[in-house]
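Just so you know, the sequence shown maps onto residues -23 to -1, 1 to 406 in mature numbering (1 follows the signal peptide of the UniProt record, and there is no 0). Yeah, the Cβ is synthetic: ideal placement off N, Cα and C, and Gly gets one too. Quick caveat: nothing in here was measured; it's all calculated off a predicted structure. To start, the structure itself, in C-alpha cells.
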Amino acid sequence: MKTTWSWILLSALLLILGSPVISSRVLELSDRFIDVRHEGQWLVMFYAPWCGYCKKTEPIFALVAQALHATNVRVGRLDCTKYPAAAREFKVRVYPTIMFIKGNMEYSYSGDRSKDELVDYALRMSGPPVQLVTRTESVDMLKGSHTIFFMFVGQQEGVVWDTYYAAAEGYQEHGFFYATSEDVAAQHFDFEKLPAVIVYKEEQHHFYPHGHIAHEMDPLEVNETIFQWVNVERFVLFPKITRFNIHQLLKTKKYLVVAVVQEDKLQQIASHELEFRDMVEGVIRKHRPRYHDQFQFGWIGEPSIAHSIILDQLPTPHLIAINSTTQHHYIPDDDPMQMTPQALHLFLESISNESATAYGGDTYFVRLNRALFEVRRSLKDMWQGNPVLTTVIFGLPLGFLSLIMYSIFCGDCLVTEEESEEEGHEKKE
Ligand SMILES: *[C@@H]1O[C@H](CO)[C@@H](O)[C@H](O)[C@H]1NC(C)=O
Ligand SMILES: *[C@@H]1O[C@H](CO)[C@@H](O)[C@H](O)[C@H]1NC(C)=O
Ligand SMILES: *[C@@H]1O[C@H](CO)[C@@H](O)[C@H](O)[C@H]1NC(C)=O
C-alpha cells in the first residue's frame, strides 16, 4: 500500500516538474522575431489564443520541440493577436500556421500535425535538398527509418542529376532525397544501367523509367518526366488520408480512390468496416501494375472529409473516387458491404473508360455549395466547441462577419490555396 502511494506521489511530482520543462522548449516569440529570423533555422507556430486547432496542436508542438532539442532547428511559437506586426511580416492567414524559416526563405507546413511528421519535416528542411550517402549501412538505416525515400545512383553530373537535384529542391517539403555511388547502392538495389533514380517504399524499389536513356531525350522532357514521376511516387500505395495530405494527393492528377471508414477517438474501426478496407487494400496491392498509372488509392478515417468532397452525408464504409483534375466524383452502385473484388475491378474500369456516372465537379455552383457547406460545418464545430461564445457572437451585430472570419481563419477547409483565395473574393462581393 505504502509503495503504491509513493508511486502515485512520485508520478504526480514528475508530472508537475515534467510539464513546464517540456513546454519551455518552445520559445515564446514576439515582434522582435522579425529581426532575428535570419539567424539559424526556425520551426514556428503562429497562433491565436482563442483558436481551437491551435490548442490541439500545442502539446504536439511541445513534443516536437523536445525531439528537435539537440538539432540546430529552433522551435518557437508566436501569438499573432499580441504581435500583429510579425503576423503581417509572415503573411499569416490561418491559425495555426506552422512555418519553417531559414535565411530569406519561409515555407508553410501543410502536412499532418503529428509529432513524427513535423519532426521529419523540420529535419528534411534543415539539410540540403539532396543528402549524400557514403556507407552501405547508412542505406539500411534509411530503409529502417523512412517510409519512402528517393535515391540517385551514379555520377553526380549530367541532365538526370541536375533535374533530380531541382526536383529535390522542389519537393524538399514532401520527401527525402539522397544520392550515392554505384558501389554503395549495388548491395541494396538491382539496377542495370546508370544513372538510376530510385524510389524506395514499402520494402520495394521502383525506377524512374528513363534514367539511362535520358541523355538522348529532350532535356525539357527529362525535366517534365522526372518531376511528374517524383510527384506521383512520393506516396505509399494505400496511405491514410487526412484533411492535410489530401491536397497533395490530388496533385498526382490521378483518380483518387478512397475507402471511407469511421474511426473512433481511439482510432479503432468497427470490424465490418475494417474488413471492407482490407478487401480494397488487398485487391489493389495484388494488382498494383494494373492501376498504378491511373489511380492513387487511400483510406479516410474521418468521414467528414469525404462529406465535404461530395457535399452530402455518406454511410460508412464506403468507396468514392475523385477525378483530381475536374473534382468530379464517382460512387459504386453496389452496397459497399456486398462489394466483391470483381465488382471493385468493374467500378475502377468504368471510371477509367469514362462510362461511370460523374457527380459534382468544379463549377461555380458546386464551389458556392462547398463554401456554404464549410460555413455550416464550421458553425457546427464552433457550437460544439463553445456554445456560449457562439451565442454571444451571434448576439452581436457583427456576428455574421465573425462567423465568416472564423471560417476563413480557423477552418481547415477542404479547398486548395487558390480556391480559398477566390472564395475570399466571392464573399466580399
Ligand atoms: C521543370 O519542371 C518543373 C515542374 O513542372 C518546372 O517548375 C521547372 O521550371 C522546369 N524546369 C526547367 C528547367 O524547365
Ligand atoms: C478527369 O476528367 C477529365 C475530363 O473529363 C479527363 O480528361 C481526365 O482524363 C480525367 N482523369 C483524371 C485522372 O484526371
Ligand atoms: C467500360 O467498363 C465497364 C466495366 O468493365 C464495361 O461494362 C463497359 O462496357 C465499358 N464501356 C466501354 C465504352 O468500353
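Cβ-Cβ distances below 7 angstroms link G17 to N49, R51 in the same chain, with the five nearest sequence neighbours on each side left out; the list follows chain order.
Taking the Cβ atoms as the reference, F274 lies roughly 12 angstroms from V209, outside the contact range of under 8 angstroms.
Set against 7 angstroms, the gap from the CB of E159 to the closest heavy atom of ligand 3 is not smaller. A distance below 8 angstroms separates the beta carbons of V207 and A144. In the same chain as K178, and ignoring 5 residues on each side of it, the C-beta atoms closer than 6 angstroms to its own belong to I125, V213, in chain order. Close CB contacts of H165 within its chain, under the 6 angstroms cut and outside five residues either way in sequence, are with V116 (chain order). If you look at R51, you'll find it isn't in any alpha helix (DSSP H); it sits in the beta strand (DSSP E) that goes 50 to 56.
Shown here, S332 sits in coil according to DSSP, grouped into three states, outside any helix or strand. Of the candidates D8, L4, R54, the residue whose Cα lies closest to the Cα of P26 is R54. With 16 or more other Cβ atoms inside 10 Å of its own Cβ, K231 counts as buried.
Inclusion of I328 and W276 in the CB contact set at 8 angstroms is not warranted, their separation being larger than that value.
Relative to the Cα of R211, the nearest Cα in the group H151, E279, D289 belongs to H151. At the C-beta level, C57 and V41 stay beyond 8 angstroms of one another. The C-beta separation of M22 from P73 comes to about 5 angstroms, placing the pair in contact by the 8 angstroms criterion. Less than 8 angstroms separates the beta-carbon of I78 from that of R14.
Contact check for A163 and M128: beta-carbon distance about 12 angstroms, past the 8 angstroms limit, so the pair fails to qualify. In the DSSP annotation of this structure, the continuous segment of the beta strand (DSSP E) that includes Q273 starts and ends at 272 to 277. Leaving aside the five residues that flank T202 on each side, the residues in its chain whose CB is nearer than 7 angstroms to its CB run, in chain order, H187. In this chain, the alpha helix (DSSP H) harbouring W138 covers 135 to 147.
DSSP places E326 within a helical segment (H, G or I) once states are collapsed to three.
Where N208 is concerned, the enclosing alpha helix (DSSP H) starts and stops at 196 to 210. Taking C-beta atoms under 8 angstroms as the contact rule, V238 and L321 fail to qualify, at a distance of about 15 angstroms. When DSSP states are grouped into helix, strand and coil, G121 belongs to the helix group. Looking only at R65, L100, G29, R90, the smallest Cα-Cα distance to A47 is reached by L100.
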